[in-house]
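Residue numbers (the numbering used here): -12 to 76.
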């Protein structure tokens, strides 16, 4: 951030308004930039590629495993839909 020692990726709202070009440049080169109002984080400025990555729908574990490199290895990844065994407590 150059002129803002100790303020890792955090900007006060007025400062961000006055230096928007620098906020954007830092978001593109250094990662997401947090903007605060009255000392509380209120928004984050981030690169579109980072936003798209963070916004991607998450796959189910079963979908991940079904498409993993282990797919053709012979490991059975099918879910067993049997009833659970009885347990005496």
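Ideal placement from N, C-alpha and C gives every residue a C-beta, glycine not left out. Since we're looking at a predicted model, the values are computed, not measured.
query: For chain C, is any of its Cβ atoms less than 8 angstroms away from the one on residue 0?; result: Any reference to chain C falls outside this structure, which holds one protein chain only.
query: Under 8 angstroms, do residue 21 and residue 11 count as touching if we go by C-beta distance?; result: no
query: So, for residue 72: in the same chain, excluding its five sequence neighbours on each side, which residues have a beta-carbon less than 8 angstroms away from its beta-carbon?; result: none
query: In the DSSP assignment, what residue or residues form a beta bridge with residue 21?; result: -3 and 31
query: Roughly how many angstroms lie between the CA atoms of residue 39 and residue 33, to the nearest whole one?; result: 10 angstroms
query: Do you know offhand how far residue 28's Cα is from residue -3's?; result: 8 angstroms
query: Assuming residue 49 is part of the alpha helix (DSSP H), what are its boundary residues?; result: 48 to 53
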